[in-house]
Every structure is written in structure tokens, then in C-alpha cells.
Amino acid sequence: MTSSLARRACAVALLLTSTLAPAVAAAAPPDGGGRPSERAAQARLLGEKIVPYKLEFQGTTVGGFSGVDRNRCTGEYVFISDDRSYLQPARFYTAKLDVDAAGVHSVDFTGTHPFLQEDGSVYPSPSAADGKAVDPEEIRVDPRSCHYWWAQEGDRPKAVGAGPVIQPSVQFAGPTGAHLGQFRLPSNYEVTMEERGPRRNQAIEAITFGAQGRIVTSAVEGPLIQDGPVPDLEHGALVRVTRQTRGGRVLGQFAYPLEKIFAESDPTSPWAPDTGVPSLLAFPDDPDRYLVLERTWVAGSGYKIRLYDATTRGATDVQAMDSLAGRPVVAMRKKLVADFHTLGLSTVDNTEGMTWGPDLPTGERSLILVSDDNFADDAVTQIVALAVR
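The sequence shown: position 193 = 1118 (my numbering), numbered continuously.
This is how it looks when you write it as C-alpha cells:
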């Protein structure tokens, strides 16, 4: 979740070249970085819909949508709010979307439920959490059971003694939020107070099902501390993407090349650039191929949202590498699918979630994306529909 003080601004020039810092140098792919499939995906805008700011629904404040998925059992969509129980208990929403080749016609919320802890209680606000604070970021519908798998980033305190370490997690929930269990994440996703593991606010935000639900793929939002620095104006970074069985066995871990920062930050701003991978989505017919969303915010220049077609095919399995710094790994190949500034949207905001929608008569498939307004009046909850070929 990015700062609610972020201001949207005019578009800046697209930078397509990803240059990695020497500390995380990646060997060039065997094909020189070509597209990850015979024909990389292409996207065009179908339409968009803006949800009213701080819409009241069933006693809750609608907003903070950082993930979305489609429930095949009901035909509805589920949205996760990243409210950390500040406004109301951490929760999700269900909704009916009227989306077709002509655009997004309506968004009608049908329900909301809080996520429950093992003892059946809701998550408390951070001020009263006593080590049980929650930071919901992503939600997926299990293609087998239609139960929910939801991810939270956890928390790395700013300093030793400044608060408890809260581990990232992927939990299972029933249709009304009841706790059903927890998924086992890779050991290097663990937050520590040492110089290793996920950075603060850059842990797990992205999960997806592949191979008809047999494979669970996740990504940390930014580079692990031991893997090198975050992107800057000159260099990108490597983000770990992990494929696992439903039982948690790691099948492979790969390095995804995150783009460098697209513009200089306003020197008067106290906020550093914020960039990472908030969502990834498996292609239904290729277990090695993913849509990857990159979201970047720069003070004075606003958001840059880009969508890539990426593959693990041919990439180095890095699960046994304690650090990627200075290691010659072959990163995942990727190809630009869409730069949101070229789509004709009313605004480009903090897009964080995506899911496949229904097939279209054109042979394309719809893709539904949602932005996180951070409950700020200068941001929007924007639901976007693209046609992907």
C-alpha cells in the first residue's frame, strides 16, 4: 500500500529498458530477452467504472481494494480491502460486475464479511493488536472449493523494540470469512530483524492459482534485503517468484526483473519512490506463463502502471541461492502488454489487483483490474476492464 499523500500527475515518458544494478546483475536470457511466448499477449481498453469515494455499504467503508478475483461458483467477484482494521475490521466484499465487450456497465456490491482469526474473533486495530495486527493485500478463490486464500504482508518494525515482528501469511477462509487454515510459505519470505528477508511493506502481495489449481505461485513485492537494493533511476531489481504445490512444497523459485524508477522524485517530498509487484496472474493454458503487474509511484510524477507477459521457462531456479547479489542468474523473460498511460483511462491510479473475467465474442478474454484508493480523497477506486489477446 502506497502513501495516501501521493498526488496524481501528468504522464511521463515510458522507459522500456530494465537495467539491473551490479549487485543483482542478471545474465541475459538465451534469446536476448525476446518475448516469452510465440506471441505475447496484447491488451486494449474495454471500459472503467469509478466507485464513489468512501461509499457506505452494510455499515462499512468501501475502499482500499488491493486484490480481486472471480468466483466460478457464484459468478461474482471478491475484493479484499487493505484496511488494517482502522476503520472497520479487516474484510472483503463480494460484487456483481456487468462487463462485456462494450465496457463496464455497473458494479453492485452484494455482501461484506470480516476475516476471522482462529478463535472466531475479528482482527483488532493495530493500536490494540498486541502482535496480531493484519495487513490484507491479495485474495484468490480456490478453483477447487471456491474458498478464499488471502495474503497479508505482515510487518517488519522500523527498529528493534519498535513493535512485534508479524509474519507474512496466506490464510484460508470460508465464504463468510471463517478461518480454515494457513498455507506454508517459502522460508526466505520470513521477516526477521536481521539484514535479510522481505523489506518493510514489500512482502507478499501477489498470489495466483495455476494448472487448474494444482500450483500456487506467489511473489514478494520488492527485492529481499539480501538480494540487493530497491530500484532507482539507473537500475532495476530482482524480485523472487515462487511456485509451490497446494501443500506448500516448493517446485521452483525464480527472479523476476523489476523495472527501474521512471522519473526523478520531487526533492521537496518526504516520500521516496515506491515500486513493486502487487499482483500476478497465471495464464489458464500455460503453467509457466504469467501476467505481472508493476506499480510505481514517484512524488511529483504520480503513478506508472505497466502490465507484462512473463514466463519462468528457461529462467534459473534460485531457491537454493541465499542471495542473488552478484550472482549470474537468468531472470524471467517478459514483454510489455500495456502501459496504462496509453490506454485512454480517465486517470492512472494505484492499481494493485487483477483477475480474469469472462471470455469475449472476439475470442479475447476480459481482464479485470482494481485500484487501491488508500481511503484518500485524492485517489480513486477504479475498476478497469481490458480485452487480452
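Glycine included, every Cβ here is placed at the ideal spot set by N, Cα and C.
Residues bridged to residue i [DSSP beta-bridge criterion]
i	result
A1310	G972, I1293
H1038	F1017
H1104	A1098
P1061	Q1077
R995	Y1002
V1279	Per the sequence shown, residue 1279 should be read as Met rather than Val. Looking at the DSSP assignment, M1279 forms a beta bridge with L1294.
T986	E981
L1022	V1032
Q1336	Outside the modelled stretch of the chain, which goes from 926 to 1314, sits residue 1336, for which no answer is possible.
F1134	V1141
D1284	R1290
L1183	A1162
V1066	Y1073
I1129	V1145
V1047	L1041
C-beta contact flag for residue i and residue j at 9 Å
i	j	result
R1139	R1171	yes
G989	S1006	yes
G1278	R1290	no
Q1127	S1248	no
A965	A1312	no
L1041	G1102	yes
V1029	E1063	no
F1091	Y1114	Strictly speaking, residue 1091 in this sequence is Ile, with Phe absent from that position. For I1091 and Y1114, no; Cβs fall outside 9 Å.
Y1181	V1202	yes
V976	V987	yes
V1166	A1188	no
L1218	L1261	no
L1163	A1256	yes
C1071	T1142	no
N1275	W1222	yes
L1022	D1008	no
L1294	V993	yes
R1124	G1147	yes
P1156	K1185	yes
D1264	I1230	yes
D1199	Y1215	no
L880	L1268	With the chain covering 926 to 1314 only, the question about residue 880 has no answer from this structure.
R1069	T1280	no
T1237	A1026	no
F1300	A1240	no
V1059	R997	no
D1213	S991	no
N- and C-terminal bounds of the beta strand (DSSP E) containing residue i
i	result
Q1169	1162-1170
I1091	No beta strand (DSSP E) holds I1091; DSSP gives it neither H nor E.
S1143	1140-1145
*Assess, as a yes-or-no matter, whether the stretch 1236-1251 is touched by the stretch 1162-1177 under the definition of 3 or more beta carbon pairs within less than 8 Å.*
Inter-segment contact for the stretch 1162-1177 and the stretch 1236-1251 is present: three or more beta-carbon pairs are separated by less than 8 Å.
*Enumerated in chain order, which unbroken segments of the beta strand (DSSP E) with a length of 3 residues or greater are wholly contained in the stretch 1185-1273?*
With a minimum length of 3 residues, the continuous beta strand (DSSP E) runs that stay inside the stretch 1185-1273 are 1199-1208, 1211-1223, 1227-1236, 1258-1264.
*Could you tell me whether the stretch 1130-1137 touches the stretch 1199-1209, where touching means 3 or more Cβ pairs closer than 8 Å?*
Touching, yes.
*Would you say the stretch 1111-1120 touches the stretch 1072-1082, given that touching needs at least three Cβ pairs under 8 Å?*
Yes, they touch.
*Examine the Cβ distances between the stretch 981-997 and the stretch 1013-1033 and report whether three or more of them are shorter than 8 Å.*
Because the criterion of three Cβ pairs below 8 Å is met, the stretch 981-997 and the stretch 1013-1033 touch.
*Given 8 Å as the limit, is there contact between the stretch 1086-1104 and the stretch 1071-1078, that is, 3 or more CB pairs closer than that?*
Taking 8 Å as the limit for Cβ pairs, the verdict is that the stretch 1071-1078 does touch the stretch 1086-1104.
_Using 8 Å as the cut-off, can you tell me whether the stretch 1043-1054 makes contact with the stretch 1294-1313, which would need three or more C-beta pairs spanning the two stretches below that distance?_
As far as the Cβ criterion goes, the stretch 1043-1054 does not touch the stretch 1294-1313, which means the pair count is below three.
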